[in-house]
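A short write-up of the structure that comes next.
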Amino acid sequence: MFERFTQEARRVVVGAQAEARELRAEKIEPVHLLLALTEDDSRGGAALRSCGVDHESARSAVVRAGSPLDADALAAFGIDLEQVRAAAEAAFGPGALEQGKPEPGGHIPFADGSKRALEESLRAVLRRGRRRGGAIDSGHVLLGVLAVADPLVQRVLAELGVARGSLEGQLGDSSAA
Amino acid sequence: MAGPTTDVTTAAAADDPAVGLRAIRALRELADRLEVLQVGNARGRGWSWQQIAEALGVTRQAVHKKHARSRKDD
């Protein structure tokens, strides 16, 4: 399906795999597409930047909200992640808790949410098909990511204080729903 | 009644399904990572897969399948 993607949109898809690998994720989730989009030079990245979302702030929001080791949730049950981390590092050295999780090698598959996001990006093009050439650009990928309403993407955007509607507005797609 | 404010806050959060389910996921992830560290340490100290399996309460096949691949030894 990628033959319909512009160069920039393909770069986002490739970048999402790199983001997933760096975060040691087993699958490419919509949030990794979002992170890759923050580094996009084209429409999608521009929309994010105009809403104040840059790669650094988005990545730290993803790590906070999206780390499977959710410190806030653990704290609600009386588990202090920092103490666990300190104990692991005392026994096994600095970064032990991160190293405990092997970095995924080779090809990382798309999560279902990301597949749906990419399908939705195609749908975003079709909605505007008469006016545009029919290619899926990075703006459409961003619309696709927003359309699947992934819980982690929603939490990250909420943490960054960005409303989905204002991003869609930036991309001239406020009629999405 | 020590620290009632903290207790109430904690109870409220733990009562929220979203927080509770995220905590379960985090606990599983935490257990997985600690298991990788502990199994690696045990192997480094010469424990057999059978001994590790018994300590973890799983079959030897299960622990070998899960960990042998990510380790250089056998």
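Quick note, the sequences are listed as chains A and B, same order.
Residue numbers for the first sequence follow our numbering, so the first one is 87 and each next one is one higher.
Residue numbers for the second sequence follow our numbering, so the first one is 43 and each next one is one higher.
Virtual Cβ for every residue (Gly too), placed ideally from N, Cα, C.
Open item on the list: List, in chain order, every chain A residue whose beta-carbon is nearer than 8 Å to that of L98 of chain B.
Closed with: The residue labelled residue 98 of chain B in the question sits at position 56 within the second sequence. Under the 8 Å cutoff, chain A gives no residues; its nearest Cβ is about 15 Å from L98 of chain B.
Open item on the list: Pop quiz: G131 of chain A and S207 of chain A are said to be a contact at Cβ under 8 Å. What is the actual Cβ separation, rounded to whole angstroms?
Closed with: On the first sequence, residue 131 of chain A is found 45 positions in, with the first residue counted as 1. On the first sequence, residue 207 of chain A is found 121 positions in, with the first residue counted as 1. With 8 Å as the limit, G131 of chain A and S207 of chain A do not qualify as a contact, their Cβ atoms being about 14 Å apart.
Task: Local conformation of F163 of chain A per DSSP, three classes - done: Residue 163 of chain A sits at position 77 when you count from the first residue of the first sequence. Three-state result, F163 of chain A: coil.
Task: Between the CA atoms of K107 of chain B and Q93 of chain B - distance to the nearest angstrom - done: Residue mapping note: residue 93 of chain B aligns to position 51 of the second sequence, counting from 1. Residue mapping note: residue 107 of chain B aligns to position 65 of the second sequence, counting from 1. Each residue's alpha carbon lies about 15 Å from the other.
- [ ] Could you give the DSSP three-state label for I114 of chain A: helix, strand or coil?
- [x] The residue given as residue 114 of chain A occupies position 28 in the first sequence. In the structure shown, I114 of chain A sits in a strand (DSSP, three-state: E or B).
Open item on the list: So that I know if they touch, is there some Cβ in chain A lying closer than 9 Å to that of A68 of chain B?
Closed with: To locate residue 68 of chain B, count along the second sequence from 1; it is residue 26. For A68 of chain B, the answer is yes, since a Cβ of chain A falls inside 9 Å of its Cβ.
Open item on the list: Against chain B, which members of the stretch 147-173 of chain A pass a CB distance test of less than 9 Å?
Closed with: S153, P154, L155, D156, A157, D158, A159, L160, A161, A162, F163, G164, I165, L167, V170
Open item on the list: Check this for me: beta carbons of G220 of chain A and L204 of chain A, under 9 Å apart or not?
Closed with: Position 134 of the first sequence, counting from 1, holds the residue named residue 220 of chain A. Position 118 of the first sequence, counting from 1, holds the residue named residue 204 of chain A. No, these two residues do not count as a Cβ contact at 9 Å.
Task: D156 of chain A classed as buried or exposed, judged by whether at least 16 other C-beta atoms fall within 10 angstroms - done: If you number the first sequence from 1, residue 156 of chain A lands on position 70. So D156 of chain A ends up on the buried side.
- [ ] Determine, using beta carbons only, whether A235 of chain A and E115 of chain A come nearer to each other than 9 Å.
- [x] Counting from 1 along the first sequence, the entry for residue 235 of chain A is found at position 149. Counting from 1 along the first sequence, the entry for residue 115 of chain A is found at position 29. Not in contact: A235 of chain A and E115 of chain A (Cβ atoms no closer than 9 Å).
- [ ] Check the Cβ-Cβ distances between A176 of chain A and every residue of chain B, and say whether any is below 9 Å.
- [x] For the purposes of this step, residue 176 of chain A is identified with residue 90 of the first sequence, where counting begins at 1. Judged by the 9 Å Cβ criterion, A176 of chain A is not in contact with chain B.
Open item on the list: I'd like the list of long-range same chain contacts for R202 of chain A, defined as Cβ closer than 7 Å, with 5 residues on each side in sequence excluded.
Closed with: Here residue 202 of chain A refers to the residue found at position 116 when the first sequence is read from its first residue. Closer than 7 Å at Cβ, skipping near neighbours: V234.
Open item on the list: Using 9 Å as the threshold, is the C-beta distance between L253 of chain A and L212 of chain A below it?
Closed with: Working through the first sequence from its first residue, we reach residue 253 of chain A at position 167. Working through the first sequence from its first residue, we reach residue 212 of chain A at position 126. No, the pair does not count as a contact, with Cβ atoms beyond the cut-off.
Open item on the list: Using beta carbons (cut-off 9 Å, strictly below), is E245 of chain A in contact with chain B?
Closed with: Reading the first sequence from its first residue, position 159 is the one you call residue 245 of chain A. By this cut-off, E245 of chain A is not an interface position.
TODO: Kindly indicate which three-state DSSP category I222 of chain A falls into: helix, strand or coil?
DONE: Position 136 of the first sequence holds residue 222 of chain A. Note: I222 of chain A maps to strand in three-state DSSP.
Task: Close beta carbons around D140 of chain A, own chain, < 7 Å, minus the five adjacent residues each side - done: Looking up residue 140 of chain A in the first sequence gives position 54. Same-chain partners within the cutoff: T124.
- [ ] Using three-state DSSP, classify G45 of chain B as helix, strand or coil.
- [x] Taking the second sequence and counting its residues from 1, the one referred to as residue 45 of chain B is at position 3. Below a pLDDT of 50, predicted positions are generally treated as unreliable, and G45 of chain B, at 41, falls in that range; the measurement from the model is reported next regardless. It is coil, neither helix nor strand.
- [ ] Determine the direct distance from the alpha carbon of A95 of chain A to that of Q103 of chain A, and round the result to whole angstroms.
- [x] Locating residue 103 of chain A in the first sequence gives position 17, where the first residue counts as 1. Locating residue 95 of chain A in the first sequence gives position 9, where the first residue counts as 1. Using only the alpha carbons, I get a separation of about 13 Å.
Open item on the list: Is there a C-beta anywhere in chain B that falls below 9 Å from the one on H193 of chain A?
Closed with: Locating residue 193 of chain A in the first sequence gives position 107, counting from the first residue. Chain B contact via Cβ: absent.
Open item on the list: Could you check if A106 of chain A belongs to the surroundings of the ligand ADP, using beta carbon to heavy atom distance under 8 Å?
Closed with: By its list of ligands, the structure shown contains no ligand whatsoever, and the ligand ADP lies outside what it can speak to.
Task: DSSP bridge partner residues for F91 of chain A (one or two, in chain order) - done: The sequence position of residue 91 of chain A within the first sequence is 5, counting from 1. The partner list for F91 of chain A (beta bridge, DSSP) reads A:I222.
Task: Whole-number beta carbon distance between A172 of chain A and A182 of chain A, since they are thought to touch under 8 Å - done: In the first sequence, residue 182 of chain A corresponds to position 96, counting from 1. In the first sequence, residue 172 of chain A corresponds to position 86, counting from 1. A182 of chain A to A172 of chain A, Cβ: 10 Å. No contact.
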